[in-house]
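If you count by this note's numbering, then the sequence shown holds residues 20 to 312, one letter each, in order.
In what follows, a structure is listed as structure tokens, so that the remarks can point back to it.
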Amino acid sequence: MSARARPQARLVRVLTAFIGALLAGSALVNAQERPAEAPFQVEAALVPALRSASAEGPSPLLLIDLNSAEDGTEPAIREPGGGMTILYENGIARGHVREIRKSCDYLCGFDGGATCHYQALVAPDKAGALGAALTAFVGEPQITAFEPLRPHAVGEVEWLGGFAAPVWPQDYSAGIRIEEWDAAARRVRVSVRAADEHIAVEDRDCDATEAAGLVALTCPSIAILAEAGVPLLVSWPDYETAAAAPVARFRLNGREAILVRLGMSAETIYGVLLREGTRWVPLFRGADYPIMC
Numbered sequence: 020m021s022a023r024a025r026p027q028a029r030l031v032r033v034l035t036a037f038i039g040a041l042l043a044g045s046a047l048v049n050a051q052e053r054p055a056e057a058p059f060q061v062e063a064a065l066v067p068a069l070r071s072a073s074a075e076g077p078s079p080l081l082l083i084d085l086n087s088a089e090d091g092t093e094p095a096i097r098e099p100g101g102g103m104t105i106l107y108e109n110g111i112a113r114g115h116v117r118e119i120r121k122s123c124d125y126l127c128g129f130d131g132g133a134t135c136h137y138q139a140l141v142a143p144d145k146a147g148a149l150g151a152a153l154t155a156f157v158g159e160p161q162i163t164a165f166e167p168l169r170p171h172a173v174g175e176v177e178w179l180g181g182f183a184a185p186v187w188p189q190d191y192s193a194g195i196r197i198e199e200w201d202a203a204a205r206r207v208r209v210s211v212r213a214a215d216e217h218i219a220v221e222d223r224d225c226d227a228t229e230a231a232g233l234v235a236l237t238c239p240s241i242a243i244l245a246e247a248g249v250p251l252l253v254s255w256p257d258y259e260t261a262a263a264a265p266v267a268r269f270r271l272n273g274r275e276a277i278l279v280r281l282g283m284s285a286e287t288i289y290g291v292l293l294r295e296g297t298r299w300v301p302l303f304r305g306a307d308y309p310i311m312c
């Protein structure tokens, strides 16, 4: 190589490294700025009838609730073969969609007609001993530092004095306020403003726990998840057990995220609180079709 060619070669290497760094940085920024979608609910785990020769056997196939199949709606995932990322009790696993199917139920008898929704049959890759499957993201989002949470009991909690609008669900956007929390008596009084109603709720046999900086107040009829005394989530279901509890924390596309179990009116779902600056963004996806008569 000539003396003149050597500086040109060095220049090419420097420019290549510089462009590579820009591309890597751009990929990281794009991953962090990419809007995250709410995960889908796991309906059931199907254990294959034929066991493999290994001690663990094959991982159960998963039925993932996609969305309503009413009024000609298309499934959220249209073709099999795509990837999914499943969040388990103790970690994550990748998987792929084997089949898209339609499931129909006669909730109110045959005279009422069938209510249908789409499902994805997903085969996890080496789920191992990760525990129960909780929820699933489409594709392969960047999920790192997954850590199951072990809440510990707390006593007195300093609550916000005024009404606060939980980030989810929207029904309680008008506000909720903790009027009194008696840790010794395990009793709480709550005021709820929803639409044009102002309702007082009193409950006993309550427990307060903390994990990842969030306080979960759980009572037989109502549950609240709060940060710094401000309610973030409220569960006041008609038929399901009240639940608003952090389950695990991780990083989703570079951002802090908390996996949460939330009791809705007629179902219990898993969703994510995603940190964006000083606020939490809710990523929750309940059934968008009737599930009770």
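Ideal placement from N, C-alpha and C gives every residue a C-beta, glycine not left out.
Annotation: residue 92 to residue 132 spans about 17 Å, alpha carbon to alpha carbon. A Cβ-Cβ distance of about 6 Å is found for the pair residue 200 and residue 176, placing them in contact under the 8 Å criterion. Here residue 280 is buried. Its C-beta has 16 or more other C-beta atoms within 10 Å. Residue 296 counts as exposed, since fewer than 16 other beta carbons sit within 10 angstroms of its beta carbon. Cβ-Cβ separation between residue 151 and residue 107: approximately 7 Å, consistent with a contact (criterion under 8 Å).
When secondary structure is reduced to three states using DSSP, residue 129 falls in the helix class. Nearest to residue 195 by C-alpha distance, out of 245, 226, 90, is 245.
Around the beta-carbon of residue 59, 16 or more other beta-carbon atoms lie within 10 Å, marking it buried. In the displayed model, residue 177 falls within coil according to three-state DSSP, outside both helix and strand. Within the DSSP bridge table, the entry for residue 156 names 104 as partners. Put simply, of 300, 137, 312 the residue whose alpha carbon is nearest the alpha carbon of residue 252 is 300. Annotated three-state conformation of residue 89 is helix, per DSSP. Under the Cβ criterion (8 Å, minimum of three pairs), the segment 82-98 does not count as touching the segment 260-267. Residue 210: member of the beta strand (DSSP E) spanning 206-213, first to last residue.
A residue is called buried once 16 or more other Cβ atoms fall within 10 Å of its Cβ, and residue 155 is buried on that count.
Residue environment: residue 303 is assigned as buried (16 or more neighbouring CB atoms within 10 Å of its CB, all protein chains considered).
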